[in-house]
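Counted from 1, the sequence shown has number 176 at position 186 by the numbering used here; the numbering is strictly sequential.
C-beta: ideal position from N, C-alpha, C; glycine also.
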Amino acid sequence: MTLLDAPPAPGVRAAGAGRRRWPLVVAASAALLGLLWTAALVVAPRTVALSAGTTALSGTAPVRTVPEYGPRGMHVVGYDHGAALDLRVPVRNDGPLPVTVTAASTGAGPFPLLAVTAEAMPLRLGPGETGEVVLRGVLGNCAYYHEREAQTVDALSLVVRPGVPLAGAATTVVPLDVPLFLRSPMIVRCPDRQLDRQAQDRSSA
């Protein structure tokens, strides 16, 4: 047997095997990290937990607070077409991750009696932090409602993105401390309302 036919030394064989295993280790580690990242993206939206503090109301719309009305009381809003009613709602991040609130609404559907627009968005909140959601509202759209039809605003609908890169947004409903109660006015106090009640149907919007 010549030197060319001799088997490689044990140390040489071990080093070569180690070099062959190294790409497998890297691939397995990358796959594991990918699985963990995917799990984080799925779980992160489920950790979102927000709560609301005491709502502050301001504007020209008449409001009367009735503590005895309902389990939490009620802010009864008198409908004055075109009057302003702004809501300032403290919102606390009770979850373990930072979050960003990208949109806010009352969730009242199309053509609400109180049409609101969110200001100062996006709102970023770390764990345990409290920020303020500001909604600028105007009383309108009564033409789409029957006389004395009522609408209750008892929560905010918030679009929230957890503080994990590439995580999807989640819509969270946060109850208000005291709901708002609005009643549609009579036709004499509602511009543009038609006698034909089928002419303006908000359900088709």
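| query | result |
| --- | --- |
| Cβ-based neighbour list, M64, same chain, cut-off 7 Å, excluding 5 preceding and 5 following | V56, V168, P169 and F171 |
| Distance, Y69 Cα to D76 Cα | 14 Å |
| Length at least 3, wholly inside the stretch 44 to 68: the beta strand (DSSP E) runs in chain order | 46 to 49, 53 to 56 and 64 to 67 |
| Three-state secondary structure (DSSP) of A160 | strand |
| L22 burial status per 10 Å Cβ neighbour count (16 or more: buried) | Residue confidence for L22 is low, a pLDDT of 46 falling below 50, so the modelled location carries little weight and cannot support an answer. |
| DSSP three-state assignment for A98, whether helix, strand or coil | coil |
| Length of the line joining the Cα atoms of V143 and N83 | 22 Å |
| Straight-line Cα distance separating L113 from N38 | For the record, residue 38 in the displayed sequence is Val; it is not Asn. Distance between the alpha carbons of V38 and L113 is about 14 Å. |
| Top-ranked residue by Cα proximity to G43, from L166, L148 and E139 | L166 |
| Anticipated Cβ contact below 8 Å, G97 with S147, distance rounded | 4 Å |
| Burial state of G24, where buried means 16 or more other Cβ atoms lie within 10 Å | Because the pLDDT at G24 is just 45, under 50, the model does not fix this residue reliably, and the value given afterwards should be weighed accordingly. Burial call: exposed. |
| Buried versus exposed, by CB contacts within 10 Å (16 or more), T162 | buried |
| Nearest-angstrom Cα separation, counted from V164 out to L125 | 14 Å |
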